[in-house]
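Asker: Sharing a structure, written as structure tokens. Questions coming.
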Amino acid sequence: MTGASTGRRFRPHRAWFVAAVTFVTIVGAAAFMSLPGLLIDPLHAEFGWSRGTIGLAVSVNLALYGLTAPFAAALMDRFGIRRVVALALTVIATGSLLTVWMHAVWQLILYWGVLVGLGSGSMALAFAATVTNRWFVARRGLVTGILTAASASGQLVFLPVASWLVTHHGWRPAAVTVGLSAAAVVPLVVLLMRDHPADVGLAPYGAPKFVAKPPPATGAARRAVGVLASAARTGPFWLLAGSFAVCGATTNGLVKTDFVPAAHDHGLPVTAAASLLAVIGVFDVVGTVASGWFTDRLDARRLLAIYYTLRGVSLLFLPVLLGPSIHPTMLFFIVFYGLDWVATVPPTIALCREHYGEDSAIVFGWVLAAHQVGAAVVAWAGGVARDVFGTYDVVWYAAGALCAVAALMALVVRRTPSTAAAAAGVPAAG
Numbered sequence: 015m016t017g018a019s020t021g022r023r024f025r026p027h028r029a030w031f032v033a034a035v036t037f038v039t040i041v042g043a044a045a046f047m048s049l050p051g052l053l054i055d056p057l058h059a060e061f062g063w064s065r066g067t068i069g070l071a072v073s074v075n076l077a078l079y080g081l082t083a084p085f086a087a088a089l090m091d092r093f094g095i096r097r098v099v100a101l102a103l104t105v106i107a108t109g110s111l112l113t114v115w116m117h118a119v120w121q122l123i124l125y126w127g128v129l130v131g132l133g134s135g136s137m138a139l140a141f142a143a144t145v146t147n148r149w150f151v152a153r154r155g156l157v158t159g160i161l162t163a164a165s166a167s168g169q170l171v172f173l174p175v176a177s178w179l180v181t182h183h184g185w186r187p188a189a190v191t192v193g194l195s196a197a198a199v200v201p202l203v204v205l206l207m208r209d210h211p212a213d214v215g216l217a218p219y220g221a222p223k224f225v226a227k228p229p230p231a232t233g234a235a236r237r238a239v240g241v242l243a244s245a246a247r248t249g250p251f252w253l254l255a256g257s258f259a260v261c262g263a264t265t266n267g268l269v270k271t272d273f274v275p276a277a278h279d280h281g282l283p284v285t286a287a288a289s290l291l292a293v294i295g296v297f298d299v300v301g302t303v304a305s306g307w308f309t310d311r312l313d314a315r316r317l318l319a320i321y322y323t324l325r326g327v328s329l330l331f332l333p334v335l336l337g338p339s340i341h342p343t344m345l346f347f348i349v350f351y352g353l354d355w356v357a358t359v360p361p362t363i364a365l366c367r368e369h370y371g372e373d374s375a376i377v378f379g380w381v382l383a384a385h386q387v388g389a390a391v392v393a394w395a396g397g398v399a400r401d402v403f404g405t406y407d408v409v410w411y412a413a414g415a416l417c418a419v420a421a422l423m424a425l426v427v428r429r430t431p432s433t434a435a436a437a438a439g440v441p442a443a444g
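By my numbering, the letter at position 214 of the sequence shown is numbered 228, and the numbering carries on one by one without gaps.
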């Protein structure tokens with residue numbers, strides 16, 4: 015009897031298996047994120063499209079990625095995580111594979127911008143937030159950090175492969191690889207993903223008692239818009255959305271899209287520049303998991319202020335670091351920036367949860383929409399700046415200044431009474 019009890023006591027909770035499936039799923043879907051920066055020069059060379067035009071397609075992708083997220087979170091409440099994610103992966107695979115036959119700009123915008131954007135938006139960080147909120151009570155910050163790092167892991171896995179394919183075989187084999195990678199994850203989701211702990215008769219990890227599965231929420235779109243309308247009447251929403259827009263502008267919009275062509279402008283081979291982005295992915299995993307651990311223990315507002323400040327300083331130095339070869343100071347930038355890349359996500363999700371409770375996943379979806387709109391604007395602006403000025407330098411400096419603004423916005427997010435009382439060591443009233 016004792017032995018049986020001991021065996022049960024040390025058996026991993028099913029929530030960790032669900033988290034593992036979620037991690038692998040996000041890794042598979044993240045393949046598409048490795049391509050935009052690699053496609054700019056090949057598409058420009060083959061079709062003669064300007065960098066601003068290609069950047070427009072990337073902007074559509076990034077904007078839809080963000081704008082789809084809050085509706086996807088609501089759809090997961092209505093139809094279940096498994097169905098929504100499986101469909102999203104299928105749409106990503108379809109859009110990526112169709113680009114192989116494109117010959118006009120509208121097709122690039124439709125396939126890569128619209129289809130991949132809609133599919134990837136349903137696989138956005140709102141997916142990780144939904145899984146974390148349903149399956150975990152304890153270790154939420156840590157799990158959020160791990161699942162957030164999955165995107166970086168996908169970049170780490172696919173970016174060197176994609177850059178090698180683009181360099182030696184052209185961009186089409188790379189697009190096919192991305193599409194097949196997303197499709198390969200679909201059976202894993204269908205077979206192993208579960209929507210709620212109650213589906214397998216368990217309480218969420220760390221919960222003191224069993225939690226019944228809520229009935230499907232009808233009116234997913236109406237609920238997403240309603241949550242936005244309610245959150246938009248509060249100050250913390252705009253501060254979190256504004257600071258996260260800067261986060262997107264300085265990561266997906268700028269570095270992920272423009273770092274490879276900017277480094278190539280300075281004589282660095284594409285494969286070497288792509289390898290540096292992959293190294294960012296390595297340290298992104300470390301930084302994001304560590305940020306989740308810190309978020310469980312420290313003030314999320316101060317963490318965000320520190321992250322944005324350090325990011326801004328590093329971007330101001332980047333223009334003088336780019337050159338025809340990889341040198342120690344560039345490697346230092348890559349490590350430093352990688353640690354900070356999406357370290358902002360766990361404290362941002364924590365602040366959404368603190369202020370918006372059960373609606374926090376949908377609220378975070380809208381905050382993520384702001385993140386992607388910021389990314390979309392800068393992805394387009396970076397290409398236009400390169401066309402006009404012949405350099406990306408002005409965009410790096412502007413992004414550094416924006417990070418200072420984001421740091422200030424994070425600091426003025428107000429605390430909820432319970433959080434303030436906990437920080438003071440006083441029990442919250444009521």
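Glycine included, C-beta positions come from ideal geometry on N, C-alpha and C.
Buried or exposed for residue 218, going by 16 or more other Cβ atoms inside 10 Å?
Answerer: Result: buried.
Asker: I'd like to know whether the C-beta atoms of residue 175 and residue 39 end up nearer to each other than 8 Å.
Answerer: Cβ atoms of residue 175 and residue 39: not closer than 8 Å.
Asker: Do you know offhand how far residue 371's Cα is from residue 241's?
Answerer: Cα-Cα distance, rounded: 11 Å.
Asker: Are the CB atoms of residue 131 and residue 53 nearer to each other than 8 Å?
Answerer: No. Outside cutoff.
Asker: Would DSSP call residue 403 helix, strand or coil?
Answerer: Helix, per DSSP.
Asker: Hey, how far is the Cα of residue 188 from the Cα of residue 226?
Answerer: Rounded to whole angstroms, residue 188 to residue 226 spans 44 Å at the Cα level.
Asker: Do you know whose CA, among 386, 104, 254, lies nearest residue 266's CA?
Answerer: Of the candidates 386, 104, 254, the one whose C-alpha sits nearest the C-alpha of residue 266 is 386.
Asker: Residue 296 and residue 352 - do their beta-carbons sit closer together than 8 Å?
Answerer: Contact flag set, yes.
Asker: Pop quiz: residue 357 and residue 321 are said to be a contact at Cβ under 8 Å. What is the actual Cβ separation, rounded to whole angstroms?
Answerer: The Cβ separation is near 5 Å, so the contact holds.
Asker: Counting only the same chain and skipping the five closest in sequence on each side, list residues whose C-beta sits under 6 Å from that of residue 224.
Answerer: Once the five neighbours on either side are set aside, the close Cβ partners of residue 224 are 217.
Asker: Using DSSP with H/G/I as helix, E/B as strand and the rest coil, what is residue 224?
Answerer: The answer is coil: DSSP assigns residue 224 none of H, G, I, E or B.
Asker: For the alpha helix (DSSP H) holding residue 257, just list the boundary residues, first then last.
Answerer: Segment 249-264, the alpha helix (DSSP H) holding residue 257.
Asker: Three or more C-beta pairs closer than 8 Å, one from the segment 79-88 and one from the segment 64-71: is that the case here?
Answerer: The segment 79-88 is not in contact with the segment 64-71.
Asker: Alpha helix (DSSP H) containing residue 298: first to last residue?
Answerer: First-last of the alpha helix (DSSP H) with residue 298: 284-309.
Asker: Ordered along the chain, which non-local residues of its own chain (more than five positions away) have a Cβ less than 6 Å from that of residue 112?
Answerer: Around residue 112: 125.
Asker: With distance defined between alpha-carbon atoms, name the residue in 212, 56, 118, 210 nearest to residue 183.
Answerer: Residue 56 is the option with its Cα nearest to residue 183.
Asker: Going by C-alpha distance, which of 420, 280, 157 is nearest residue 30?
Answerer: Out of 420, 280, 157, 157 has the C-alpha closest to the C-alpha of residue 30.
Asker: To the nearest angstrom, how far is it from the Cα of residue 339 to the Cα of residue 237?
Answerer: Between residue 339 and residue 237, the C-alpha separation is close to 52 Å.
Asker: Using the Cβ count rule (16 or more neighbours within 10 Å means buried), how would you classify residue 243?
Answerer: Exposed, because fewer than 16 other Cβ atoms sit within 10 Å of the Cβ of residue 243.
Asker: Name the residue from 277, 193, 360, 161 whose alpha carbon lies nearest to the alpha carbon of residue 258.
Answerer: Ranking 277, 193, 360, 161 by Cα distance to residue 258 puts 360 first.
Asker: Give me the Cα-Cα distance between residue 381 and residue 89, rounded to the nearest whole angstrom.
Answerer: C-alpha separation (whole angstroms): 17 Å.
Asker: Shortest alpha-carbon distance to residue 35 belongs to which of 425, 209, 323, 293?
Answerer: Comparing Cα-Cα distances from residue 35 to each of 425, 209, 323, 293, the minimum goes to 209.
Asker: Can you give me the C-alpha to C-alpha distance between residue 21 and residue 164, rounded to a whole angstrom?
Answerer: Residue placement at residue 21 cannot be trusted, given a pLDDT of 46 that sits under 50; what the coordinates show is reported in the next sentence. Cα to Cα, the separation comes out at about 30 Å.
Asker: Rounded to whole angstroms, what's the CA-CA distance from residue 398 to residue 98? Just pull it up for me.
Answerer: Roughly 36 Å between the two C-alpha positions.
Asker: Quick one: complete alpha helix (DSSP H) runs, 4+ long, within the segment 62-139?
Answerer: DSSP runs (the alpha helix (DSSP H)) wholly in the segment 62-139: 65-93, 95-112, 119-122, 130-136.
Asker: Along the chain, where does the alpha helix (DSSP H) containing residue 363 start, and where does it finish?
Answerer: Unbroken alpha helix (DSSP H) run through residue 363: 359-370.
Asker: Could you say which of 272, 291, 91, 264 lies nearest to residue 168 if we only look at CA atoms?
Answerer: For the residues 272, 291, 91, 264, the minimum Cα distance to residue 168 belongs to 291.
Asker: Just grab the DSSP bridge partners of residue 331 for me.
Answerer: The partner list for residue 331 (beta bridge, DSSP) is empty, contrary to what the question assumes.
Asker: Which partner residues does residue 351 have in the DSSP bridge list?
Answerer: Looking at the DSSP assignment, residue 351 forms no beta bridge with any residue, so it has no partner.
Asker: How many angstroms separate the CA atom of residue 245 from the CA atom of residue 374?
Answerer: Approximately 10 Å, taken between the alpha carbons.
Asker: With a cut-off of 8 Å, do at least 3 Cβ pairs link the segment 106-123 to the segment 261-278?
Answerer: At 8 Å Cβ cutoff, the stretches do not touch.
Asker: Starting from residue 430, trace the alpha helix (DSSP H) in both directions and tell me its first and last residue.
Answerer: Neither: residue 430 is in no alpha helix (DSSP H) and is coded neither H nor E.
Asker: Name the residue from 200, 289, 128, 135 whose alpha carbon lies nearest to the alpha carbon of residue 345.
Answerer: Measuring from the Cα of residue 345, the nearest candidate turns out to be 289.
Asker: Would you kindly work out how many angstroms separate the C-alpha atoms of residue 401 and residue 123, rounded to a whole number?
Answerer: Rounded to the nearest angstrom, the two C-alpha atoms are 19 Å apart.
Asker: Report all residues from its chain with a CB closer than 8 Å to the CB of residue 273; omit the five preceding and five following residues, and keep chain order.
Answerer: Result list for residue 273: 51, 287, 290, 291, in chain order.
Asker: Given a cut-off of 8 Å, decide if residue 71 and residue 127 are closer than it, judged by their beta-carbon atoms.
Answerer: In contact: residue 127 and residue 71 (Cβ atoms closer than 8 Å).
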